[in-house]
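**Q** Residue numbers (UniProt numbering): 1 to 117. Even for Gly, the Cβ is constructed at its ideal location relative to N, Cα and C. This is the structure, below, for whatever I ask next.
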Amino acid sequence: MLGLFLPFIIMMLFFYIIVYIPESRRKKKYRGMLDSLKVNDEIITKGGILGKVINIQDTFIILESGPSRARIKLDKNGILSILNTSEAAVEDKKEDKKEDKAEDKAEENESPGYKEN
């Protein structure tokens, strides 16, 4: 009797390990990404639209996209991924300013020691 159900049990176990566990991990990661979404984050939608989040509601976001700053109301499930978070953009700007200051100081230190008339 056990021999009759053993292949079915093995198939169910195989399905659970190969399909269900990775899919539940992916869904959990996606849900975490949506929960961490903030205003001014740059995102890409599943339809390929790039834009910046202007407003966040319960299940919808307002997305600003394009040079004409068109605003689109979009369901949160329509987001494919977050490209740049607002914190990363601020850090990048700070790093750029620090690099510019360091380059200016390096150029000042490289002066030849005499002045041309």
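What number of angstroms, rounded off, separates the C-alpha of I21 from the C-alpha of P67?
**A** Taking the straight line joining both Cα atoms gives about 42 Å.
**Q** In terms of residues, what are the limits of the alpha helix (DSSP H) holding I21?
**A** That run of the alpha helix (DSSP H) goes I21 to D35.
**Q** Is the distance from the Cβ of I54 to the Cβ of K76 below 8 Å?
**A** Not a contact, by the Cβ cut-off of 8 Å.
**Q** Got a sec? Which residues, its chain only, sit under 7 Å from I44 by beta carbon, not counting five neighbours each side?
**A** Once the five neighbours on either side are set aside, the close Cβ partners of I44 are L50, L80, S81 and L83.
**Q** Could you give the distance in angstroms between the alpha-carbon of K28 and the alpha-carbon of L37?
**A** In a straight line, the C-alpha of K28 is about 15 Å away from that of L37.
**Q** What are the boundary residues of the beta strand (DSSP E) that G51 is part of?
**A** Here the beta strand (DSSP E) through G51 covers L50 to I56.
**Q** If you follow the beta strand (DSSP E) that I62 is part of, which residue opens it and which one closes it?
**A** I62 -> beta strand (DSSP E) spans F60 to S65.
**Q** Looking at the secondary structure, which residues open and close the beta strand (DSSP E) in which I82 lies?
**A** I82 -> beta strand (DSSP E) spans I79 to N84.
**Q** For I43, which residues does DSSP report across the bridge?
**A** Paired residues: G51 and I82.
**Q** Apart from the five residues on each side of it in sequence, which residues of its chain come closer than 6 Å, Cβ to Cβ, to D41?
**A** Answer for D41: V53, I82, T85 and S86, listed in chain order.
**Q** Does DSSP classify K38 as helix, strand or coil?
**A** It is coil, neither helix nor strand.
**Q** For L4, count the other beta carbons within 10 Å of its own beta carbon; 16 or more makes it buried, fewer makes it exposed. Which is it?
**A** Per the 10 Å Cβ criterion, exposed.
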